[in-house]
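Protein chains: 4
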Amino acid sequence: MSDAIGCARWAIAAGHAPARSRGVEPAFTSHDRLCLLNAGAVLANVRVRVLYAAGAEVGPYRLSVAPRRMRHVRVNDLIFPEAIRLDEAYGLIVRSDQPVVVQFSRQDTRALMNAGMMTTAWPGID
Amino acid sequence: MSDAIGCARWAIAAGHAPARSRGVEPAFTSHDRLCLLNAGAVLANVRVRVLYAAGAEVGPYRLSVAPRRMRHVRVNDLIFPEAIRLDEAYGLIVRSDQPVVVQFSRQDTRALMNAGMMTTAWPGID
Amino acid sequence: MSDAIGCARWAIAAGHAPARSRGVEPAFTSHDRLCLLNAGAVLANVRVRVLYAAGAEVGPYRLSVAPRRMRHVRVNDLIFPEAIRLDEAYGLIVRSDQPVVVQFSRQDTRALMNAGMMTTAWPGID
Amino acid sequence: MSDAIGCARWAIAAGHAPARSRGVEPAFTSHDRLCLLNAGAVLANVRVRVLYAAGAEVGPYRLSVAPRRMRHVRVNDLIFPEAIRLDEAYGLIVRSDQPVVVQFSRQDTRALMNAGMMTTAWPGID
Numbered sequence: 028m029s030d031a032i033g034c035a036r037w038a039i040a041a042g043h044a045p046a047r048s049r050g051v052e053p054a055f056t057s058h059d060r061l062c063l064l065n066a067g068a069v070l071a072n073v074r075v076r077v078l079y080a081a082g083a084e085v086g087p088y089r090l091s092v093a094p095r096r097m098r099h100v101r102v103n104d105l106i107f108p109e110a111i112r113l114d115e116a117y118g119l120i121v122r123s124d125q126p127v128v129v130q131f132s133r134q135d136t137r138a139l140m141n142a143g144m145m146t147t148a149w150p151g152i153d
Numbered sequence: 028m029s030d031a032i033g034c035a036r037w038a039i040a041a042g043h044a045p046a047r048s049r050g051v052e053p054a055f056t057s058h059d060r061l062c063l064l065n066a067g068a069v070l071a072n073v074r075v076r077v078l079y080a081a082g083a084e085v086g087p088y089r090l091s092v093a094p095r096r097m098r099h100v101r102v103n104d105l106i107f108p109e110a111i112r113l114d115e116a117y118g119l120i121v122r123s124d125q126p127v128v129v130q131f132s133r134q135d136t137r138a139l140m141n142a143g144m145m146t147t148a149w150p151g152i153d
Numbered sequence: 028m029s030d031a032i033g034c035a036r037w038a039i040a041a042g043h044a045p046a047r048s049r050g051v052e053p054a055f056t057s058h059d060r061l062c063l064l065n066a067g068a069v070l071a072n073v074r075v076r077v078l079y080a081a082g083a084e085v086g087p088y089r090l091s092v093a094p095r096r097m098r099h100v101r102v103n104d105l106i107f108p109e110a111i112r113l114d115e116a117y118g119l120i121v122r123s124d125q126p127v128v129v130q131f132s133r134q135d136t137r138a139l140m141n142a143g144m145m146t147t148a149w150p151g152i153d
Numbered sequence: 028m029s030d031a032i033g034c035a036r037w038a039i040a041a042g043h044a045p046a047r048s049r050g051v052e053p054a055f056t057s058h059d060r061l062c063l064l065n066a067g068a069v070l071a072n073v074r075v076r077v078l079y080a081a082g083a084e085v086g087p088y089r090l091s092v093a094p095r096r097m098r099h100v101r102v103n104d105l106i107f108p109e110a111i112r113l114d115e116a117y118g119l120i121v122r123s124d125q126p127v128v129v130q131f132s133r134q135d136t137r138a139l140m141n142a143g144m145m146t147t148a149w150p151g152i153d
């Protein structure tokens, strides 16, 4: 376990998955991307809750990240218990039973070009 | 309240809302975006102060974020007590009476394309 | 002083000011931007050191940030004691005698479009 | 050593080096960039491990950063013990025997334009 790095809880406030795309799929499809890194020796069970500006929170979405692996999830692909609403602002709360590192990026191909953004999520330290 | 995550004070130094845009409104309007996440069970009352390179600070701008909700505010839409000056560098100090998570992004459509940026704000830990 | 927020020391590792630009100056000139916020009541005296991959460090570059003000500096405009080398990777060490918040952004207009990036600097906590 | 700043361990979750590029090389070649700053007086010996979604981790890749210097490494240039897989998500664990500051950026020129992203890595504080 000495290789584990990160936190058990993270938050992202800037979610907003563009609904339109230009260019070939899936390489140029607009999407928000949740990036999870599990550097430890134990499988991480992750639950993601989605908060919107209006309406009740949705979730948990359940994911797992194998030991010494990482996993990138296109937020557009979170469909159970309910598809993420496109073109609508949202936030994410990520909880894991093992330390993980969470970053967040966006590919926006609504216009002729491809805009990108990236940030490290906010770690929740109780 | 055990779901609350974040801090009561945040700062953003890199504000600079582009004054011009290309493309259809409002989707492609240039803007800086303040992203507030309230994961807790209590309404968060938020006050935002705006600092410029010259002149007195302006504010507070008052916002609220409902419990278990998030809220994205286009900085261009902060108009009371005074509209944010476009094409001018600024910084933000955010104070909340409940823990919130703050991120900041920019959409810049002054040129033919759409540049994006995103970062997590700086948390003020007294 | 109760309004002060931030740290006295910050580091940026990702500096790399593009040497070429397209579009009208100065709005579309490529540049790295150092963003300094002084939310406190006392003038902040800031010294910036520049580290390169080869050769001795350069500096200090001296700046000040008035109380309750912010200041954005285009790195291309740091010319004393020596102009920043364009198209060359660099890092920055920022020291201030008052708490400040430091973010860093880039506008890259070498190509037909305008790429942007932004991050919060790394705070040095001794 | 009083000038040293940073941490001995860092993690990046959002790695994904684009395989295609447009525009002249090497200025416009798509790449992820690992930015290392060593503000201290002692050479930093750095080992980087690469984690993927599938398969065993790869590494260590060995780098050094001279005292009072910085170093930017294009991830595409990490080829020993094995080239980084392009167009595949990955994460990085960075360990250093001296404090360093780590940031991470991407240049994506797959489309007609040049998208950029930048973030500060996650510091591992044991």
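Protein chains in written order, with our numbering: chain H, 28 to 153; chain V, 28 to 153; chain X, 28 to 153; chain C, 28 to 153. Cβ atoms here follow ideal geometry from the backbone N, Cα and C, with glycine treated the same way.
Amino acids of chain C, ordered along the chain, whose beta-carbon sits closer than 9 Å to that of A66 of chain H: Neighbours of A66 of chain H on chain C, chain order: A38, R76, L78, E84, G118, I120 and G151.
With a cut-off of 8 Å on the beta carbons, I'd call A71 of chain X and D30 of chain X a contact; round off their distance for me. Contact doesn't hold; Cβ gap of about 13 Å is too wide.
Can you pull the chain V neighbours of H43 of chain H, defined as C-beta to C-beta under 9 Å? The answer, in chain order, is R60, C62, H99 and S132.
Excluding the 5 residues flanking R76 of chain X on each side, which residues of the same chain have their C-beta closer than 6 Å to its C-beta? Within the same chain, R76 of chain X has close Cβ partners E84, G86, P87 and I120.
Report whether the distance from the Cβ of S48 of chain C to the nearest heavy atom of the ligand PLP is below 7 Å. As for the ligand PLP, it is missing from this structure, which has no ligand bound.
Determine whether the beta carbon atoms of V92 of chain X and R101 of chain X lie at a separation below 8 Å. Contact: no.
What is the residue span of the beta strand (DSSP E) that R36 of chain X lies within? Per DSSP, R36 of chain X is one residue of the beta strand (DSSP E) stretching across C34 to H43.
Run the CB neighbour count on A148 of chain X, radius 10 Å, all protein chains shown included, and call it buried at 16 or more, exposed below. Its Cβ being crowded by 16 or more others within 10 Å, A148 of chain X is buried.
6 Å Cβ shell around C62 of chain H - same chain, five flanking residues per side excluded: Cβ within range, chain order: H99 and Q130.
What is the DSSP secondary structure of D30 of chain C, counted as helix, strand or coil? Three-state result, D30 of chain C: coil.
Check this for me: beta carbons of G82 of chain V and G143 of chain X, under 8 Å apart or not? Taking the C-beta atoms as reference points, G143 of chain X is found no nearer than 8 Å to G82 of chain V.
Out of H:P126, H:T56, H:R112 and H:W37, state which residue places its alpha-carbon closest to the alpha-carbon of R95 of chain H. Nearest option by C-alpha distance: H:P126.
Can you check whether the CB of R122 of chain C is closer than 8 Å to the CB of R36 of chain C? Yes, they are a contact pair.
Just checking: is the beta-carbon of T146 of chain C within a distance shorter than 8 Å of some beta-carbon in chain H? Yes, its Cβ sits closer than 8 Å to a Cβ of chain H.
Expressed to the nearest angstrom, what Euclidean distance is found between the alpha-carbon atoms of I111 of chain X and R112 of chain H? Their Cα atoms are separated by approximately 45 Å.
Going along the chain, which unbroken runs of the alpha helix (DSSP H) with 4 or more residues stay wholly within the region 64–128 of chain H? Within the region 64–128 of chain H, no run of alpha helix (DSSP H) at least 4 residues long lies entirely inside it.
Count the other C-beta atoms from every protein chain shown that fall within 10 angstroms of the C-beta of I106 of chain H, then say buried if there are 16 or more, exposed otherwise. Under this definition I106 of chain H is an exposed residue.
Please identify the residue among X:R137, X:A80, X:E109 and X:L78 whose C-alpha is closest to the C-alpha of H58 of chain X. Here the closest residue by C-alpha is X:R137.
Cβ pair A41 of chain V, N103 of chain V closer than 8 Å: In this structure, N103 of chain V does not lie closer than 8 Å to A41 of chain V by Cβ.
Shortest alpha-carbon distance to V73 of chain X belongs to which of X:V128, X:L64, X:L90 and X:Y117? With distances taken between CA atoms, V73 of chain X lies nearest to X:L90 out of X:V128, X:L64, X:L90 and X:Y117.
If you drop the 5 nearest sequence neighbours on each side, which residues of the same chain put their C-beta closer than 6 Å to that of D124 of chain X? Closer than 6 Å at the Cβ level, and outside the excluded window around D124 of chain X, lie N72.
Per-residue DSSP class, three states only, for S48 of chain C: The three-state reading of DSSP puts S48 of chain C in coil, since its state is none of H, G, I, E or B.
Own chain, CB closer than 7 Å to A66 of chain V, minus 5 neighbours either side, in chain order: Excluding positions up to five away in sequence, the list reads D30, A31, I32 and R95.
So which residues on chain C does D30 of chain X lean against when the C-beta distance must stay under 8 Å? For D30 of chain X, there are no neighbours in chain C by C-beta distance under 8 Å, as the nearest C-beta there is about 25 Å away.
In chain order, what residues of the same chain lie with their CB nearer than 7 Å to the CB of V128 of chain C, ignoring the 5 residues before and after it? Correct list, in chain order: I32, G33 and L64.
Taking DSSP as the reference, what is the three-state secondary structure of R137 of chain H? If DSSP states are grouped into helix, strand and coil, R137 of chain H belongs with coil.
Within chain V, partners of R96 of chain X - CB distance below 9 Å: Result: L78, Y79, A80, A81, G82, E84 and G118.
When the Cα atoms are used, what is the spatial distance from Y79 of chain H to E115 of chain H? Looking at the two C-alpha atoms, the distance is approximately 8 Å.
Using a Cβ-Cβ distance under 8 Å, would V51 of chain H count as near chain C? V51 of chain H does not count as touching chain C.
Name, please, each residue of chain X whose Cβ falls closer than 7 Å to the Cβ of V128 of chain C. From the beta-carbon of V128 of chain C, the residues of chain X found nearer than 7 Å are A38, A40 and W149.
Once DSSP output is grouped into helix, strand and coil, what is the label at D153 of chain X? Confidence is the limiting factor: at D153 of chain X the pLDDT is only 44, short of 50, which leaves the residue's position unreliable and the question unanswerable from this model.
Alpha-carbon spacing of G151 of chain V relative to M145 of chain X, whole angstroms: A direct Cα-Cα distance of roughly 19 Å separates G151 of chain V from M145 of chain X.
If the criterion is Cβ atoms closer than 8 Å, does the pair A163 of chain V and G118 of chain V meet it? Nothing can be reported for residue 163 of chain V, as the shown portion of chain V is limited to 28 through 153.
Strictly by DSSP, which residues pair up with S4 of chain C? Given a span of 28 to 153 for chain C in the structure shown, any question on residue 4 of chain C remains unanswerable.
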